[in-house]
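*Asks:*
There are 2 protein chains.
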Amino acid sequence: MRSTLQPGLTNRLTKYLRVTQQLIEEGRDAISSKELGDFTGINPVQVRRDLNAIGFSGTRGVGYQAYDLVEAVRSILGLRQTYNIALVGAGNLGSAIASSTILPKRGFVIHDVFDNDASKIGRTVGNVVVKHIDELEKSVAEADEIIGIIATPAHSAQAVAELMVEAEIRVILNYTDVLLHVPSDVDIHRIDPTAQLMHTLYYLTQAEGEEAS
Amino acid sequence: MRSTLQPGLTNRLTKYLRVTQQLIEEGRDAISSKELGDFTGINPVQVRRDLNAIGFSGTRGVGYQAYDLVEAVRSILGLRQTYNIALVGAGNLGSAIASSTILPKRGFVIHDVFDNDASKIGRTVGNVVVKHIDELEKSVAEADEIIGIIATPAHSAQAVAELMVEAEIRVILNYTDVLLHVPSDVDIHRIDPTAQLMHTLYYLTQAEGEEAS
DNA sequence: ATGTGTGAAAAGGTTCACAGCC
DNA sequence: GGCTGTGAACCTTTTCACACAT
C-alpha cells in the first residue's frame, strides 16, 4: 500500500495476469519470463524486472509459480473485489458481451442491461433481464456501478454516454466508433479492432517490400 | 518509402488517424495537437513531434488541417488498399462484427463468414452469406485474405486458429479469451476489454485512498 | 542446461520552457 | 491569444552481457 505504481508497470502487470490465468486453465504450473514475453509481446528481461519490482521471485532454471503469480499481481493491483457493470444495448453485440466469460473471470459482473426498444425489455441476455434505459440512473446507484459499456448503434452512443455521466459512471467502454464527448474526469476506452490491425499491417507490408536475401 | 518507422510512432499515428477521421465526420476542419492528445491519451508535445517527424506541418494559432492529416498518415502507413477479412463464427458476436461500420471505414471488408452450424449456413450476416467452415481454406486463397477474426465459442477457438494458419492467414483477431498457440510468424491480437478496465480501476481506487485535502 | 537476477548503455517518451507565426 | 515547433533535462523502457541458482 505504498506509493502509486507507474502506469507502464500496472499496464504490463495486467497482461501477465491474463496470460497466467489462461495458462493455469491449461493446467500449467510454472511459467517462464520468455513465455510471458511471447504471449504479451513484452521483452522477457522487462518481465523479470517487473516481477522483481513487485517483490515476486521465480526459481532459476524453472520459472515463476503460476498460481502465486496471479495472487501477487492481484493483490498489488487491488483487484480482489468484483465490479458491477451497466451494459446498454441488448442487440447482437450487447448479447454477446453479456454472455461472454471474459468479464466474470476477471471479477466483472454484467449486473444490468438496458435498451430503449420495447420489444427487448423483459428478455434475458446472459443472466439478466433487460430493463428500459430510463431505469439506468436508479439501477446504477443501487448496484454501485462505476463502469458502463455502450453497445448500441452508433447514433445513440453520445446520448447514452451522457446518461451514464449523469448517473456518475466513471469508466465507459465504448464499442461504437463514435468519439464520445464527456467531462475529463470520465475515462473513455474505445474497443477498436482496427488499431491493432493497422499497426500490424504496416510491418507486414514493409517486410514484403524488403525481400532481399 | 525510406526506412521503416519506429513501432511506437506507427502505433500513435493510427490513433491520430482514427480520431481525425471521426472529427471530420463531425464536420471539423482543423484540429489542434491538444485535442488529438485529449482523445488519444497522448501528450500534445508528442503529437506535434510525431506529425513533424512524418513531414506534416500545422499552422500556428490554428492547428492541423484534418483532411490533409488523414491523407498524410494514410500514405505514410501505406493504408491505401483495402483488406479482405475472413470471419469465423456467425453467432451474436460474429453478426455484430459483420454489420459493424468500424471495419469498412478503415479499409477492411468482411468478405467471408464461416460457421460449422448447419442451421446458420446460407443465412446472411452483414452483407455476406455464411459458408461452412470447410470452405475456409479455399475462400481465403481466392479472396487473398491475410486477416482472420475468431468470434466462435471459446472451445472452438484453437481449432479455428489452426485452420487459419493452415490457410496462410497472417494476422488473427481473437475475440475469445483463450490463449491461441500458433507459429511465431502469425500475429495474434486479443480483443480484451478487461485489460483497459483493470488498468484504469487501479488508478481510480488509488485516488480514493488518497482523499486528503 | 535452463531460466532468473541485475549492472550498464542506448533508445524512446515525457515534460518544461520558450521562440515564432497566425 | 492561440497553437505550432524545438532545444534541453529527465524519466521509462529496451537491449546486451553475464553472474548465479537449480
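Just so you know, the sequences run in chain order A and B. Convert by adding 6 to the 1-based position in the first sequence; the result is the number in the working numbering. Convert by adding 6 to the 1-based position in the second sequence; the result is the number in the working numbering. Where a beta carbon is used, it is the ideal one built from N, C-alpha and C, also for glycine.
What first and last residue would you give for the beta strand (DSSP E) that runs through A/His117?
*Replies:* From DSSP, the beta strand (DSSP E) with A/His117 extends over 114-121.
*Asks:* Pull up the DSSP beta-bridge partners for B/Leu179, would you.
*Replies:* According to DSSP, B/Leu179 bridges with B/Ile155, B/His195.
*Asks:* Does the Cβ of A/Thr10 have 16 or more other Cβ atoms within 10 Å, making it buried, or fewer, making it exposed?
*Replies:* Counting Cβ neighbours within 10 Å, A/Thr10 comes out exposed, since fewer than 16 surround it.
*Asks:* Comparing alpha-carbon positions, which option in A/Asp198, A/Pro189, A/Gln202 lies nearest B/Asp44?
*Replies:* When each option's Cα is compared against that of B/Asp44, the closest is A/Pro189.
*Asks:* Are the C-beta atoms of A/Gly33 and some chain B residue less than 9 Å apart?
*Replies:* Not one chain B Cβ lies under 9 Å of A/Gly33.
*Asks:* Is it buried or exposed for A/Gln12, if we count other Cβ within 10 angstroms and need 16 for buried?
*Replies:* Its Cβ having fewer than 16 others within 10 Å, A/Gln12 is exposed.
*Asks:* Counting only Cβ-Cβ distances shorter than 8 Å, please list the residues of the segment 87-98 of chain B near chain A, keeping chain order.
*Replies:* Residues Tyr89, Gly97, Asn98.
*Asks:* Using a Cβ cut-off of 8 Å, which residues of the segment 105-117 of chain A contact any Cβ in chain B, in chain order?
*Replies:* Within the segment 105-117 of chain A, the residues whose Cβ lies closer than 8 Å to some Cβ of chain B are Ser105, Ser106, Thr107, Ile108, Leu109, Lys111, Arg112, Phe114, listed in chain order.
*Asks:* According to DSSP, A/Thr26 sits in a beta bridge with which residue or residues?
*Replies:* None; A/Thr26 has no bridge partner.
*Asks:* Name the chain A residues that come within less than 8 Å of B/Lys21, Cβ to Cβ?
*Replies:* Those within 8 Å of B/Lys21 in chain A are Ala201.
*Asks:* Is there a Cβ from chain B that is less than 9 Å from the Cβ of A/Leu210?
*Replies:* Judged by the 9 Å Cβ criterion, A/Leu210 is in contact with chain B.
*Asks:* Within 10 angstroms of its Cβ, does B/His161 collect 16 or more other Cβ (buried), or is it exposed?
*Replies:* B/His161 should be labelled exposed.
*Asks:* In angstroms, rounded to a whole number, what distance separates the CA positions of A/Glu217 and A/His187?
*Replies:* A caution first: A/Glu217 carries a pLDDT of 47, below 50, which makes its placement in the model unreliable, though a value can still be read off. If I take the Cα positions, the gap works out to 45 Å.
*Asks:* Does A/Thr16 get closer than 9 Å to chain B when you measure Cβ to Cβ?
*Replies:* A/Thr16 counts as touching chain B.
*Asks:* Do B/His205 and A/Thr20 come within 9 Å of each other at the CB atom, strictly closer than that value?
*Replies:* Result yes, Cβ atoms of A/Thr20 and B/His205 sit closer than 9 Å.
*Asks:* For A/Gly132, count neighbouring C-beta atoms within 10 Å of its own C-beta (all shown protein chains included) and say buried if the count is 16 or more, exposed if not.
*Replies:* Its Cβ being crowded by 16 or more others within 10 Å, A/Gly132 is buried.
*Asks:* When we look at the beta-carbon of B/Thr107 and count the other beta-carbons within 10 Å, is it buried (16 or more) or exposed?
*Replies:* Under this definition B/Thr107 is an exposed residue.
*Asks:* Let me know if A/Gly67 comes out buried or exposed under the rule of 16 or more other beta-carbons within 10 Å of its beta-carbon.
*Replies:* By the 10 Å Cβ count, A/Gly67 comes out exposed.
*Asks:* Taking 9 Å as the CB-CB cut-off, is A/Leu75 touching chain B?
*Replies:* Closer than 9 Å: no.
*Asks:* Tell me the DSSP secondary structure of B/Val188 in three-state form.
*Replies:* Coil, per DSSP.
*Asks:* What is the DSSP secondary structure of B/Ala258, reduced to helix, strand or coil?
*Replies:* With chain B represented from 7 up to 219, any question about residue 258 of chain B goes unanswered, as that position is not in the structure.
*Asks:* Who are the neighbours of A/Phe45 on chain B, taking C-beta pairs under 7 Å?
*Replies:* Neighbours of A/Phe45 on chain B, chain order: Leu185.
*Asks:* Thinking C-beta only, is B/Leu142 closer than 9 Å to B/Asp118?
*Replies:* Yes.
*Asks:* I think B/Leu109 touches A/Thr200, with their Cβ atoms under 8 Å apart; what is that distance to the nearest whole Å?
*Replies:* Their Cβ separation, rounded to whole angstroms, is 7 Å, which keeps B/Leu109 and A/Thr200 in contact under 8 Å.
*Asks:* Do B/Asp121 and B/Gly95 count as a contact pair if the criterion is CB distance below 9 Å?
*Replies:* Yes, Cβ-Cβ distance for B/Gly95 and B/Asp121 is below 9 Å.
*Asks:* Is the Cβ of A/Arg54 closer than 9 Å to any Cβ of chain B?
*Replies:* With 9 Å as the cut-off, A/Arg54 does not count as an interface residue toward chain B.
*Asks:* Unbroken beta strand (DSSP E) runs of length 3 or more, entirely within the segment 65-118 of chain A: which are they?
*Replies:* Counting whole runs of 3 or more residues, the segment 65-118 of chain A contains the beta strand (DSSP E) stretches 89-94.
*Asks:* Could you say which of A/Arg176, A/Tyr208, A/Ala78 lies nearest to B/Thr211 if we only look at CA atoms?
*Replies:* The shortest C-alpha separation from B/Thr211 is found at A/Arg176.
*Asks:* When we look at the beta-carbon of B/Thr16 and count the other beta-carbons within 10 Å, is it buried (16 or more) or exposed?
*Replies:* Burial call: buried.
*Asks:* Please name the residue in B/Arg80, B/Tyr22, B/Gly97, B/Val79 whose C-alpha comes closest to that of B/Val53.
*Replies:* Nearest C-alpha to B/Val53: B/Tyr22.
*Asks:* How about A/Ala163 and A/Ile156: are their beta carbons less than 9 Å apart?
*Replies:* Yes, the Cβ-Cβ distance between A/Ala163 and A/Ile156 is below 9 Å.
*Asks:* In the DSSP output, which residue or residues are listed as bridge partners for B/Val134?
*Replies:* B/Val131.
*Asks:* Can you tell me which of B/Val79, B/Arg24, B/Leu179, B/Thr65 puts its alpha carbon nearest to the alpha carbon of B/Ala59?
*Replies:* Of the candidates B/Val79, B/Arg24, B/Leu179, B/Thr65, the one whose C-alpha sits nearest the C-alpha of B/Ala59 is B/Val79.
*Asks:* What are the residues of the segment 151-175 of chain B that lie near chain A, defined by any Cβ-Cβ distance shorter than 9 Å?
*Replies:* Residues Ile152, Ile153, Ile155, Ala157, Ala160.
*Asks:* Give me the Cβ distance between B/Ala124 and B/Val146, rounded to the nearest whole Å; I'm assuming they're in contact under 8 Å.
*Replies:* The Cβ separation is near 21 Å, so there is no contact.
*Asks:* According to the neighbour-count rule (16 or more other Cβ atoms, all chains shown, within 10 Å of its Cβ), is B/Gln27 buried or exposed?
*Replies:* Burial call: buried.
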